[in-house]
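Position 284 of the sequence shown, counting from 1, maps to 284 under the numbering used here, and the rest follow consecutively.
Notes follow the structure.
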Amino acid sequence: MPSLKSHVVSFVLRHSRKKAFSSPENLQRWIAAARRTEDHHPPVSVQQRFNIETRTVDGFPVYEIAPRAGERKRVLYLHGGAYVFEITPYHWHLIADMADRLGYAFTVPIYPIAPEHDFHAMFGMVGDVYRRMLGETEAEDIIFMGDSAGGNMAVVLTMMAAEEGLPLPSRHVLISPGLDVSLANPEVFEAERNDPWLGIAGGREAIRLYSAGIDPTDWHISPVYGDLSVLPRTLLLAGSRDLLTPDNLIFAQKARAAGVEVELVHEEGMFHVWPLIDMPESRRARERIVAFLTENPSPPVEGAGAGFEAPSTEASGQGLQSEYPG
């Protein structure tokens with residue numbers, strides 16, 4: 001049974017965050033408001049707990065949380081935010097908790113977001129981040145972790161790396177990822193009714209701003225349609241009250257059919273990216289993430305092909321209400 005706190009959070013979300021995704025116009029207003037207050041820096045409490053360095057890749061900051069002494073593993077964390085919102089304290093506190101429990105290094109790129117930038121700029125930057133990581137860390141010690149839009153980016157980045165023939169990460173942790181932006185699955189529309197957070201109208205606008213005219217069934221933005229066989233062992237966390245979950249279940253089924261080991265956590269009563277919010281269900285989810293990552297590692301997978309290229313445009317701290325837009 002969902003906790004009392006989860007019910008309270010759901011109520012707050014439905015009467016605040018849901019408005020951002022209720023229409024294209026509302027999303028645009030929320031983006032404009034966010035630009036006036038967004039701050040990608042780690043909160044002071046996180047900075048005090050860890051040795052954090054900042055580097056610049058393609059003109060954008062990348063935060064590096066140092067590992068515990070003797071630890072080789074490194075997580076590339078790709079934050080969510082519907083491709084249009086910056087990283088938030090909720091993300092940072094999850095990252096800090098995972099870094100503390102695991103002792104791994106964390107690489108956190110503040111990648112370019114829409115509408116100021118699009119798909120090409122985003123993956124140009126995160127692709128360069130990953131190449132630099134490979135120059136410093138063995139692929140078998142690299143993990144991709146992402147929530148929401150960041151979960152999509154983790155899967156797409158792996159597929160693009162496979163095309164280029166780069167060594168691939170050893171594991172994925174995907175938290176409420178958006179893996180199909182085509183809205184071809186009618187169950188998504190049914191799921192929207194019970195989702196206290198996300199809305200299809202605003203989501204469509206976010207995709208329009210981000211996608212650079214790429215066809216919505218192209219795997220570069222909807223990885224469920226790509227070659228899933230290149231993916232590493234994956235932990236997928238999905239809540240029953242998230243409109244993205246019907247597509248996540250299809251992704252898990254297709255990935256398993258392609259030979260990928262997928263562990264699915266389908267949490268009853270949970271909403272979008274619930275592991276980021278401090279409540280009993282998120283604590284269980286974080287424990288599962290730690291257990292998944294500390295089990296025997298999978299061997300690295302080598303990709304094949306060429307080109308970290310996208311299709312051309314012609315190809316077919318202010319509280320929950322304002323801090324995390326999805």
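For every residue, glycine included, the Cβ atom is placed at its ideal position computed from N, Cα and C.
Predicted model only: the values in this text are computed from it and were never measured.
Counting C-beta atoms within 10 angstroms of its own C-beta, G70 has fewer than 16 neighbours from the protein chains shown and is therefore classed as exposed. In the DSSP annotation of this structure, the continuous segment of the alpha helix (DSSP H) that includes H120 starts and ends at F119 to L134.
For E38, the three-state secondary structure derived from DSSP is coil. If you draw a 10 Å sphere on the C-beta of P186, you find fewer than 16 other C-beta atoms in it, and that means exposed.
One thing to note: I143 has its Cβ no nearer than 8 Å to the Cβ of V273.
In the DSSP assignment, G150 falls within the alpha helix (DSSP H) that extends over A149 to E164. Just so you know, the alpha carbons of D218 and S182 end up roughly 9 Å apart.
Between L27 and A20, the C-beta spacing is below 8 Å. Bridge partners of L235 according to DSSP: V173 and E263. Note that the C-beta distance between M159 and G226 is below 8 Å.
Looking only at V108, F85, L293 and A114, the smallest Cα-Cα distance to E64 is reached by V108.
As the crow flies, the alpha-carbon of M153 is around 12 Å from that of M125. As the crow flies, the alpha-carbon of A258 is around 16 Å from that of H172.
When R101, I110 and G103 are compared, the shortest CA-CA separation from T88 is found for I110.
Looking at A206, F106 and G150, the one whose alpha-carbon comes closest to that of R72 is F106.
A check of alpha carbon separations from P275 across M98, E163 and R193 identifies M98 as the nearest.
The three-state secondary structure of E86, taken from DSSP, is coil. Here A206 is buried. Its C-beta has 16 or more other C-beta atoms within 10 Å. An exposed status is given to M1, since fewer than 16 other beta-carbon atoms sit within 10 Å of its beta-carbon.
Ranked by how close their Cα comes to the Cα of R284, the residues P246, L237, A161 and L243 have L237 in first place. About 6 Å separates the Cβ atoms of A82 and A149, confirming a contact at the 8 Å cut-off.
Going by DSSP, L76 is part of the beta strand (DSSP E) stretching over R74 to L78.
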